[in-house]
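Novice: Okay, handing you the structure first.
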Amino acid sequence: MVEWRIERLDDEAVPGSEPGSPAIGTAGISRSAAIFLRAAATRTRWSLRTGLRGLIGIVYPPACIACQAATGEAQALCPACWRGIGFIERPYCERLGTPFPVDLGAGLLSPAAIADPPVFARARAVCRFDGTARELVHRLKYGDRVELSLTLGRMMAQAGRELAADAELVLPVPLHRTRLWRRRFNQAAVLARAVSRETGLPLATTALARIRRTRQQVGLTRAQRADNLQGAFHVPVAMRSLVEGRRILLVDDVLTTGATVNAASRALLRAGASAVDVLTFARIVTDGREVTT
Ligand SMILES: [Zn+2]
């Protein structure tokens, strides 16, 4: 997979320290000569690898992950796209993570969180689902740009650091197998993998299953969304011990009305999870209006 290939390319090998270097032609030569040859071979490999990376940089100069403009480093955003991200920072509702227009003090809940408390404990997102964020999510989801998950996952780990500090397990919101087959990959799973790598938390991609194929949520009202997701998620019996008593960090790409993550959280709590927190890359901020993606 592309993401792992990139990770290996980024993994600097220090000359002479690479473990498991093959012993080349050591028969019949002295030990010091063998060590010298092995170090020389490692150095050559390292130089080749560095040279190859330089060559890739010449053929494919680093480009902005959203608009393809030239950037100083790979897997980064250009200044214009960076400014196009509506980062969500405090003050926000401590449950829903929705931003407040003014700071009224720490630990406040929004009227929406009080009137209709979510099943999950807390939700956090890097940014609003508009501008650059919308472009990035669409590229990841429909453009098969799996490598974007490295950058987005890093930003998510940062935005969700308080949730990650309390969590014991990272889980993606699963796709139904027919949708997975059509789309070939689950964008939530690649983001969850990146978050797991950034935070060091264990990842369980199959602990939660989508057992019922649901209609696309687009265009449905809040009530219809909840109805549509009734019984859609399930923790397989073999996975119960993994979930039981654990605080889960549930990962998805975008949080819209929260109906999907509420349904997934309900299934996890029924299976014995102690709590579920939700971390997404983007979220829709609507001031209570119904919207669609
Ligand atoms: Zn850009």
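In the numbering used here, the protein residues as written are 1018 to 1310. For glycine and all other residues, C-beta sits at the position ideal for the given N, C-alpha and C. None of these values were measured; they are calculated from a predicted model.
Determine the contact status of L1272 and I1228, defining contact as a CB-CB distance below 9 Å.
Specialist: no
Novice: Output the distance between the C-alpha atoms of G1170 and V1187, rounded to the nearest integer angstrom.
Specialist: Near 12 Å, if we compare the C-alpha coordinates of V1187 and G1170.
Novice: Under a Cβ-count criterion, where at least 16 other Cβ atoms within 10 Å of its own Cβ denotes burial, should Y1159 be classed as buried or exposed?
Specialist: exposed
Novice: Judging by CA-CA distance, which residue of R1232, V1252 and P1253 is the nearest neighbour of D1244?
Specialist: R1232
Novice: Kindly indicate which three-state DSSP category I1131 falls into: helix, strand or coil?
Specialist: helix
Novice: Under 8 Å from any heavy atom of ligand 1, does the C-beta of T1149 make it?
Specialist: yes
Novice: For V1031, does the count of other Cβ atoms within 10 angstroms reach 16, so buried, or fall short, so exposed?
Specialist: Because V1031 sits at a pLDDT of 29, beneath the cut-off of 50, its placement in the model cannot be relied upon, and the point is left open.
Novice: For T1238, write down the residues that DSSP places opposite it in a beta bridge.
Specialist: In the DSSP output, where bridge partners are listed per residue, T1238 has none listed.
Novice: Can you grab the Cα-Cα spacing for the pair H1251 / V1293, in whole Å?
Specialist: When rounded, the distance between both Cα atoms is 15 Å.
Novice: DSSP on T1222, reduced to helix/strand/coil?
Specialist: coil
Novice: I1041 by DSSP, collapsed to three states: which one?
Specialist: The predicted model places I1041 with a pLDDT of 33, which falls under 50 and marks its position as unreliable, so this point remains unresolved.
Novice: So, with DSSP's three-state summary, where would you put P1108?
Specialist: coil
Novice: Of the residues H1193, V1207 and D1183, which one's Cα is nearest the Cα of E1164?
Specialist: V1207
Novice: Let me check understanding here. Comparing Cα to Cα, which of L1246, T1223, A1226 and A1086 lies closest to Q1234?
Specialist: L1246
Novice: Taking just the CA atoms, how far does A1226 sit from L1267?
Specialist: 13 Å
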